[in-house]
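S.K.:
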Amino acid sequence: MSNTNEILERLTTESYEYGFVTDIEMDIAPKGLNEEIVRFISHEKNEPDWLLQWRLKGLHHFQKSEMPHWQNFRMPEIDFQSISYYAAPAKKTKLNSLDDVDPELLATFEKLGIPINEQKALTGVAVDVVFDSVSVKTTFREKLQELGIIFCSFSEAVREYPGLVKKYLGSVVPYTDNVFAALNAAVASDGSFAYIPKGVRCPMELSTYFRINAQNTGQFERTLIIADEGSYVSYLEGCTAPMRDENQLHAAVVELIALGNAEIKYSTVQNWYPGDKEGKGGIYNFVTKRGICKGTNSKISWTQVETGSAITWKYPSVILRGDNSTGEFYSVALTKNRQIADTGTKMYHIGRNTRSRIISKGISAGHGSNSYRGLVQVGAGAENARNFTQCDSLLIGDECGAHTFPYIEAKNNSAIVEHEATTSKIGEDQIFYLKQRGIDTEKAVALIVNGYAKEVLNQLPMEFAVEAQKLLAISLEGSVG
Amino acid sequence: MISRDIDTLYDQFIADFETKSVLMADEPDNVREFRRHSFEHFRLLGFPSVKNEEWRYTHIAPFLREVYSTSSEKPGSLDQSFLSSLQIRSLDGIRILLFNGKYLPEFSELPPDSGIHVSALTGAYQERLVSDYLGKIADASKNHFVALNSALFEDGLFIRVQDGRRIERPLHVIHVFSSESNMFVQPRHLFVVGKASEVSLVESFLNFKNEAEIFINDVSEIEVGSDARVQHYTIHGGCENARYIHHTEVRQAERSVYNNYKASFPGPAFLRNNLNVSLNGENIESHLYGLYLAGGRQVVDNHTIVDHLKPNCQSNELYKGVIKDEASGIFNGKIYVRKDAQKTNAFQKNNNLMLGKKAIVDSKPQLEIFADDVKCSHGSTVGQFNEEALFYLKSRGIGEERAKALLIHAFAYDVLEKMPLASVKSHINKLIDEGLKT
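Those protein sequences? They're chains A and B, same order as listed. With my numbering as the guide, the letters of the first sequence map in order to residues 1 to 481. With my numbering as the guide, the letters of the second sequence map in order to residues 1 to 438.
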């Protein structure tokens with residue numbers, strides 16, 4: 001046991017791997033949220049007037065809204081006036097080649113293991129890199145363009161494809177949706193935009209890497225992905241942030257639109273700074289993610305591995321509007337130290353013969369608290385809707401908590417909805433078995449947890465599955481005593 | 001029927017308390033204090049709206065818009081044939097009759113056993129147990145209707161089972177509600193089951209069809225002593241003009257067993273069952289079984305809370321709903337496992353058979369776990385008849401109607417088989433058949 005305690009001691013004091021700060025010249029807007037700053041952001045990005053007006057509507061809605069109180073954690077006080085809403089690396093010339101990128105920035109991403117350099121890049125992954133408020137580089141753009149695929153930063157999309165942006169922006173997550181969606185609409189700085197034309201199967205994984213660097217800022221990116229009829233795209237996002245004592249807010253909005261026969265697969269490996277073991281610092285990850293299966297036979301699949309953030313609060317959802325459409329949600333959420341996760345999904349069955357599948361695996365360790373909250377709603381017209389939900393919770397240590405709040409609402413008598421949930425402690429006999437084979441407790445736990453999460457990790461593209469597995473193992477280190 | 005704002009009813013109760021406190025002046029100080037205290041809670045809470053998470057799926061307002069009189073009627077003469085019609089065949093229970101929430105000893109059987117005491121609650125204020133437990137088990141500070149009942153209850157039952165007694169015959173408590181004009185009635189009951197004793201309690205709820213709407217807001221508090229065993233059945237039937245908020249709050253001491261069996265049938269327009277069990281000791285077992293058959297435009301809502309406070313306890317919950325026509329079936333089950341409650345096993349399941357084209361099912365099971373050495377699970381399903389099973393029966397020459405009825409009985413069987421009293425089981429089976437015909 002003393003050995004385990006030493007490991008515990010060492011690892012809990014060991015720092016978050018990505019906690020460094022890049023010293024880079026930044027343009028940072030003054031703190032505070034008001035019309036002026038919204039106009040400033042819009043002006044800085046040369047946005048058309050309709051977008052500015054939309055932002056202002058978002059701002060006004062935000063100012064009218066109250067903070068929600070139904071969540072399963074104590075809402076931290078967020079002073080929206082002490083946040084700076086825009087931070088960008090100072091260099092503003094258009095980047096055509098890597099030589100134009102600030103070497104400091106390049107080094108940052110190298111350190112994070114994110115391939116900006118196409119030669120060194122993993123083949124088959126195109127990356128859009130977002131540093132604080134702006135996108136710094138999108139790789140493989142030209143190659144994708146040959147197929148008619150648009151993959152660029154959100155600001156570029158506003159300039160170059162205003163028609164598409166105007167048509168779909170806010171169509172799935174309107175600014176009235178919730179208080180953070182309103183805030184995002186007002187101050188969204190950048191994000192990724194992807195459009196897959198009719199009948200095209202995107203040959204590589206599209207990916208966005210988010211990095212918060214500046215102090216006293218928040219990150220409010222906006223991602224919009226449109227899969228036109230018969231197309232397919234797999235999209236990934238990853239994120240890290242430096243270690244800081246104060247909490248930083250990340251309030252993003254992701255909108256997915258799948259037209260007839262299209263499929264979107266959206267994967268997240270979330271590793272924002274979780275705060276230290278006393279719960280000091282860390283990111284508040286309050287994100288609104290929603291997709292709509294607009295056409296018949298369309299499919300949207302969310303996969304998330306959540307290991308970071310002080311508080312993770314999000315419900316990636318699918319509106320199953322088209323007949324025969326499918327929604328999926330696969331999630332692994334790990335909380336340790338003082339981390340909190342209140343996450344899950346919503347599946348709205350509207351069309352006929354729609355199907356949804358939810359697999360959620362929560363792991364709570366230390367003083368972590370993990371909640372699954374899910375809604376399966378079958379509308380009166382949704383003939384033959386089918387849902388299967390499974391959510392399991394694994395408890396490691398006696399100070400943590402696991403909670404399950406599923407909501408099932410059926411208004412059509414042809415619906416078949418199944419929900420099951422289990423909560424249990426990590427199996428002593430399994431650990432014993434592995435120890436017997438010469439595997440130490442720490443590794444045994446990692447092995448068991450990986451086995452437990454396998455069903456979800458299998459949904460990730462290969463490189464990321466390996467990455468996520470490592471991430472889970474690292475995050476768990478020190479939680480066994 | 002005159003429709004009005006529910007605020008009017010709220011105002012009526014506020015005014016009622018003023019007048020009633022004069023009438024209640026002869027009650028003991030502790031009871032008056034309890035009423036006053038609870039009234040303050042109600043005054044702040046008012047009636048719940050769908051914005052309240054506990055009432056999210058249950059729109060209560062339409063049922064509170066009627067003009068209700070808050071004083072209940074006395075019974076006319078009750079003849080023998082009427083009384084025997086209330087019996088459950090071959091139950092051989094000790095009959096305890098309540099009319100509009102008032103205990104009628106003249107129509108009840110006096111307990112043959114000295115180990116058991118039955119009286120009107122208001123007549124038992126001098127009993128130490130009443131002052132010890134009344135209002136101590138059901139918390140009026142958070143629940144709108146418990147607060148209202150605690151402030152303004154009229155009367156009800158007080159039953160006490162002495163320590164170490166095993167009551168052979170089940171107690172059959174029959175609640176009859178009847179009124180010529182709209183009535184809002186608030187019965188209050190207290191059951192104290194002594195240490196190492198054993199008792200079966202069967203409660204039937206009935207009303208008769210007429211023009212008058214009856215709103216029943218009753219609260220029962222049940223204290224289960226250590227090593228005691230309680231089998232508790234409630235059967236809600238009756239007619240459309242009844243609306244129920246039926247609140248039961250149970251507190252169990254170490255090594256006790258409390259089993260609750262609920263069955264409800266088409267009839268009352270509205271039925272809300274709250275069943276809260278708190279496992280306040282080690283090595284406790286609690287089993288909650290429920291069967292609800294809802295028809296017409298009925299709203300049937302079952303809310304349960306199982307609160308594990310201490311280690312080494314077990315709880316098991318199974319609620320099954322058959323929702324016909326345009327009825328709504330709502331289920332919310334919460335399991336709490338507190339930090340101290342290590343080695344808890346807690347299971348919960350809700351299955352719904354959705355038959356009506358316009359039926360609605362809302363199910364919300366819920367687990368909240370703060371201990372780590374536990375085994376907990378819950379499940380919830382919504383579905384229809386198994387086509388293959390139906391086909392199988394039809395291919396054997398069983399008509400569709402009969403085949404469906406068979407499958408519903410089979411569906412209900414999982415709950416019924418848990419009931420130790422065969423007479424109650426067959427009574428419920430009969431009610432299922434009647435319920436399917438309506």
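No residue lacks a Cβ here, since even glycine has one placed at the ideal position from N, Cα and C.
Taking all protein chains shown into account, decide if N350 (chain B) is buried (16 or more other Cβ within 10 angstroms of its Cβ) or exposed.
M.R.: Classification for N350 (chain B): buried.
S.K.: Is there a C-beta anywhere in chain B that falls below 8 angstroms from the one on S475 (chain A)?
M.R.: Output row for S475 (chain A): interface = no.
S.K.: Note down the Cα distance separating A389 (chain B) from Y68 (chain B), rounded to an integer number of angstroms.
M.R.: Using only the alpha carbons, I get a separation of about 48 angstroms.
S.K.: Can you tell me whether DSSP reads S439 (chain B) as helix, strand or coil?
M.R.: Nothing can be reported for residue 439 (chain B), as the shown portion of chain B is limited to 1 through 438.
S.K.: For the beta strand (DSSP E) that contains W150 (chain A), what are its first and last residues?
M.R.: One detail in the question is off: residue 150 (chain A) reads as Ile in this sequence, not Trp. Here the beta strand (DSSP E) through I150 (chain A) covers I150 to S153.
S.K.: Return the CA-CA distance between Y266 (chain A) and V233 (chain A), expressed in angstroms with no decimal places.
M.R.: Taking the straight line joining both Cα atoms gives about 8 angstroms.
S.K.: For chain B, is any of its Cβ atoms less than 8 angstroms away from the one on P517 (chain A)?
M.R.: Residue 517 (chain A) is absent from the structure shown; chain A starts at 1 and stops at 481.
S.K.: Is there at least one Cβ from chain B nearer than 8 angstroms to T482 (chain A)'s Cβ?
M.R.: With chain A covering only 1 through 481, there is no way to say anything about residue 482 (chain A).
S.K.: What residues of chain B sit near L395 (chain A), judged by a beta carbon separation below 9 angstroms?
M.R.: Simply I369, A371, D372, D373 and V374.
S.K.: Taking only beta-carbon atoms, is Q298 (chain B) less than 8 angstroms away from chain A?
M.R.: By this cut-off, Q298 (chain B) is not an interface position.
S.K.: Indicate the three-state DSSP secondary structure (helix, strand or coil) for W50 (chain A) in the structure shown.
M.R.: In this structure, W50 (chain A) counts as helix in the three-state DSSP scheme.
S.K.: Below 8 angstroms on the Cβ atoms is my contact criterion, and I expect R95 (chain B) with I6 (chain B) to pass it. Report the Cβ-Cβ distance as a whole number of Å.
M.R.: Their Cβ separation, rounded to whole angstroms, is 37 angstroms, which puts R95 (chain B) and I6 (chain B) out of contact at 8 angstroms.
S.K.: Report, in whole angstroms, the separation of the C-beta atoms of L91 (chain B) and S108 (chain B), which I expect to be a contact under 8 angstroms.
M.R.: About 15 angstroms separates the two Cβ atoms, so there is no contact after all.
S.K.: Among B:V202, B:E387 and B:G101, which one has its Cα closest to the Cα of I214 (chain B)?
M.R.: The option with the nearest alpha carbon to I214 (chain B) is B:G101.
S.K.: Please report how far the alpha carbon of G435 (chain B) lies from the alpha carbon of L293 (chain B), in whole angstroms.
M.R.: Rounded to the nearest angstrom, the two C-alpha atoms are 7 angstroms apart.
S.K.: Please specify which runs of the beta strand (DSSP E), each continuous and at least 3 residues long, are wholly inside the stretch 275 to 316 of chain B, giving them in chain order.
M.R.: The qualifying runs are 285 to 294 and 299 to 308.
S.K.: Less than 8 angstroms between the CB atoms is what I'm expecting for Y244 (chain B) and F205 (chain B), so what's the real figure, rounded?
M.R.: So it is a contact: roughly 7 angstroms between Cβ atoms.
S.K.: Are there three or more Cβ pairs, one per stretch, closer than 8 angstroms when the stretch 163 to 177 of chain B is compared with the stretch 124 to 143 of chain B?
M.R.: At 8 angstroms Cβ cutoff, the stretches do not touch.
S.K.: If you draw a straight line from the alpha carbon of N259 (chain B) to that of G115 (chain B), how long is it in whole angstroms?
M.R.: For N259 (chain B) and G115 (chain B), the distance between alpha carbons rounds to 21 angstroms.
S.K.: Closer than 7 angstroms by beta-carbon distance: list the chain A residues that pair up with K440 (chain B), in chain order.
M.R.: In the structure as shown, chain B starts at 1 and stops at 438, and residue 440 (chain B) therefore has no counterpart that could be examined.
S.K.: Go ahead and pull the three-state DSSP assignment for A412 (chain B).
M.R.: Helix.
S.K.: Can you name the start and end residues of the beta strand (DSSP E) that I41 (chain A) belongs to?
M.R.: Segment E35 to E44 is the alpha helix (DSSP H) holding I41 (chain A); no beta strand (DSSP E) there.
S.K.: Counting along the chain, where does the alpha helix (DSSP H) carrying G225 (chain B) start and finish?
M.R.: First-last for G225 (chain B): undefined, no H or E at that position.
S.K.: Report the residue ranges of all alpha helix (DSSP H) runs contained in full by the stretch 285 to 327 of chain A; include only those spanning at least 4 residues, in chain order.
M.R.: Runs of the alpha helix (DSSP H) inside the stretch 285 to 327 of chain A: none found.
S.K.: Please compile the residues from chain B whose C-beta is within a distance smaller than 8 angstroms of the C-beta of A444 (chain A).
M.R.: Result: empty, since nearest Cβ-Cβ is about 17 angstroms, beyond 8 angstroms.
S.K.: Using DSSP with H/G/I as helix, E/B as strand and the rest coil, what is E160 (chain A)?
M.R.: Residue state, collapsed to three classes: helix.
S.K.: Would you please verify whether the beta carbon of G481 (chain A) is less than 8 angstroms from any beta carbon of chain B?
M.R.: Here G481 (chain A) scores only 47 on pLDDT, less than 50, and its place in the model is too uncertain to base an answer on.
S.K.: Does any CB atom of chain B fall closer than 8 angstroms to the CB of Q119 (chain A)?
M.R.: Only weak support exists for where Q119 (chain A) lies, its pLDDT of 45 falling under 50; the coordinates are left without a value.
S.K.: Once DSSP output is grouped into helix, strand and coil, what is the label at N30 (chain B)?
M.R.: Three-state result, N30 (chain B): helix.
S.K.: Taking Cβ to Cβ, would you say L440 (chain B) is nearer than 8 angstroms to F42 (chain B)?
M.R.: An answer regarding residue 440 (chain B) cannot be provided, because it is not within the stretch 1 to 438 covered by chain B.
S.K.: Could you compute how far the alpha carbon of N332 (chain B) sits from the alpha carbon of Y57 (chain B)?
M.R.: Spanning the two alpha carbons is a distance of roughly 10 angstroms.
S.K.: Alpha carbon to alpha carbon, how far is T122 (chain B) from K64 (chain A)?
M.R.: So the alpha carbons of these two residues sit roughly 52 angstroms apart.
S.K.: With distances taken from CA atoms, which of A:F329, A:I225 and A:Y372 is nearest L457 (chain A)?
M.R.: Ranking the options by Cα distance to L457 (chain A), first place goes to A:F329.
S.K.: Using a beta-carbon distance below 8 angstroms, is G401 (chain A) in contact with chain B?
M.R.: Chain B contact via Cβ: present.
S.K.: Kindly indicate the opening and closing residues of the beta strand (DSSP E) around S364 (chain A).
M.R.: It spans R355 to A365 - the beta strand (DSSP E) in which S364 (chain A) sits, taken as one unbroken run.
S.K.: Pairs of beta-carbons, one from the stretch 401 to 410 of chain B and one from the stretch 443 to 456 of chain A, closer than 8 angstroms: are there three or more?
M.R.: Because the criterion of three Cβ pairs below 8 angstroms is not met, the stretch 401 to 410 of chain B and the stretch 443 to 456 of chain A do not touch.
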